[in-house]
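First the structure, in the form of structure tokens, and then the observations on it.
Residue numbers (the numbering used here): 44 to 290.
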């Protein structure tokens, strides 16, 4: 990947890529919060990496609602030219994560008002994916789900976020529907950050683990109706988390 931190040719094009530095990244997340450093990979497009990095930072809250995204500052902070930053911001506008103002530039939106809608959209899509998965899931995918259930039994709160995400992603992938996989991968990212885990009572944790096992059993039985019924109940726990986290 090419970036602005490198030397330039006589035509102004960038040469050898350099990793993003933590000190530089800190400048991006005004006010108060900083982006985590991320290495630039030469095998991927710069714009794609800038987009993913900014998207994760906005969704996780590392870049706060109301923060202004200035092309020059981001380009300098991440060691890239303004062109990929401009493309990344354009995609973020399409994601409804930032908005344009005639006088103040590009501003990060407040996600709190949108999270309930995002949850309901995700729920509808995931229930559809689960019904397909009940017919199409492979033995290897069923075993992966079983392993994730076992891993979740002794996991920390942060680890449970990762395990839960992988559990649901495996079901979505088992649907065999590329469109559903693409849409749900995008929506599920909103619920990945450990800060979203506000309810850690043992009773709720145990219920979530029990639900996971019952979902696996329903998938193994190739029962779309049973899988949907259990998953719908299970996703209500996520709605409780959401209500607490943004209410």
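Cβ atoms here follow ideal geometry from the backbone N, Cα and C, with glycine treated the same way. From a predicted model like this one, the values you see are computed outputs, not experimental measurements.
Per DSSP, reduced to three states, the secondary structure at residue 95 is helical. DSSP, read as helix, strand or coil, puts residue 123 in coil. The beta-carbon distance between residue 208 and residue 282, rounded to whole angstroms, is 16 Å. This is too long to meet the 8 Å contact definition. Considering only 217, 145, 128 and 146, the residue with the shortest C-alpha distance to residue 170 is 217. In terms of CA proximity to residue 139, 101 leads the group 263, 210 and 101. Taking residue 221 as reference, the option from 88, 127, 268 and 168 with the minimal CA-CA separation is 168. In this structure, residue 249 sits away from residue 273, with a CB-CB distance that is not shorter than 8 Å. Assignment of beta-bridge partners to residue 112 by DSSP yields 149. Here residue 142 carries a strand assignment [DSSP, helix/strand/coil].
Ranked by Cα distance from residue 120, the first of 141, 200, 148 and 96 is 96.
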